[in-house]
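The structure under discussion appears below in the form of structure tokens.
Below, the structure written as structure tokens:
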């Protein structure tokens, strides 16, 4: 639900660019021709699957529907949530939610585990000792702001204090992110946060989605 709200304000703003034309233009003269050529072909596959031509509208870069799926993502992961035989991510709530859930499940979302939570970080913590020493899998500037992985038990022993919830199970692994720098609110982030980053590799995006999800749940 939070992804849907963040991407299109629950369907209010989905984009009005004609997908085949936009992607054909980008495939011909854009900087990422290989990517957009594949997305253009995926758009043709959507038409072949029965998606009405009139629904193929979205952003200038090809994202479409309530969840702003690229055409290739639609082909792989869009799902029929209400059993009518179509995966309609433009006008059908059940299909939209089923498709987003399938995306998250495919990316490794762990049910029952939080994406993360706000913590107070003690001034005495040694940030050099907890820094991330691994090579970022992608989006280096995003992941370089995360600490190394530690268990909840280890973070608790370092003096971190949850601000709005109790501690998860001791064995759950998390990294620390201090988006506003030392002395401000920090966030312990589980592997589910990485799933949100898979959708859009930005810490501010992922944090806002996570916080919106918490607000919706409350």
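Residue numbers (the working numbering): 6 to 223. The C-beta atom is built at its ideal place from N, Cα and C for all residues, glycine as well.
Legend entry - Nonlocal neighbours in the same chain, by C-beta distance under 6 angstroms from residue 87, ignoring five residues either side: As a position in the chain shown, residue 87 is number 82, starting the count at 1. Once the five neighbours on either side are set aside, the close Cβ partners of residue 87 are 99.
Inset, instruction - Please report how far the alpha carbon of residue 71 lies from the alpha carbon of residue 59, in whole angstroms. - result: Here residue 71 refers to the residue found at position 66 when the chain shown is read from its first residue. Here residue 59 refers to the residue found at position 54 when the chain shown is read from its first residue. Distance between residue 71 and residue 59, taken at the CA atoms: about 15 angstroms.
Legend entry - Alpha carbon of residue 83 to alpha carbon of residue 201, nearest angstrom: Within the chain shown, the letter at position 78 stands for residue 83. Within the chain shown, the letter at position 196 stands for residue 201. Each residue's alpha carbon lies about 17 angstroms from the other.
Inset, instruction - Confirm, please, whether the CB-CB distance from residue 31 to residue 4 is below 7 angstroms. - result: Outside the shown range of the chain, which is 6 to 223, sits residue 4, and nothing can be said about it.
Inset, instruction - List in chain order: all unbroken beta strand (DSSP E) runs of 3+ residues lying wholly within the region 175 to 215. - result: Listed in chain order, they are 178 to 182, 191 to 194.
Legend entry - 8 angstroms Cβ shell around residue 187 - same chain, five flanking residues per side excluded: Here residue 187 refers to the residue found at position 182 of the chain shown. Cβ neighbours of residue 187 beyond the five flanking positions: 126, 128, 132.
Inset, instruction - Could you tell me which residues DSSP pairs with residue 166 in its beta bridges? - result: For this step, residue 166 is matched to residue 161 along the chain shown. According to DSSP, which records beta bridges pairwise, residue 166 is partnered with 125.
Legend entry - Buried or exposed (CB count within 10 angstroms, at least 16 for buried), residue 76: If you number the chain shown from 1, residue 76 lands on position 71. Residue 76 counts as buried, since at least 16 other C-beta atoms from the protein chains shown sit within 10 angstroms of its C-beta.
Inset, instruction - Express the C-alpha separation of residue 207 and residue 144 in angstroms, rounding to a whole number. - result: The sequence position of residue 144 within the chain shown is 139, counting from 1. The sequence position of residue 207 within the chain shown is 202, counting from 1. Taking the CA atoms as reference points, residue 144 sits about 8 angstroms from residue 207.
Inset, instruction - Give me whichever residues DSSP pairs with residue 156 in a beta bridge. - result: Translated into positions along the chain shown, residue 156 becomes position 151. Answer by DSSP bridge pairing, in chain order: 178.
Legend entry - Selected residue, minimal CA-CA separation from residue 116, among 198, 211, 79: Residue numbering aside, residue 116 sits at position 111 when the chain shown is read from its first letter. Nearest option by C-alpha distance: 198.
Inset, instruction - Can you check the region 17 to 85 for any alpha helix (DSSP H) of at least 4 residues that lies completely inside it and give the ranges in chain order? - result: Taken in chain order, the complete alpha helix (DSSP H) segments of 4 residues or longer contained in the region 17 to 85 are 24 to 34, 38 to 53, 76 to 82.
Inset, instruction - Return the chain-ordered list of same chain residues with a C-beta closer than 8 angstroms to the C-beta of residue 135, the five sequence neighbours on each side being excluded. - result: Along the chain shown, one-based indexing puts residue 135 at 130. Contacts found: 152, 153, 155, 163, 181.
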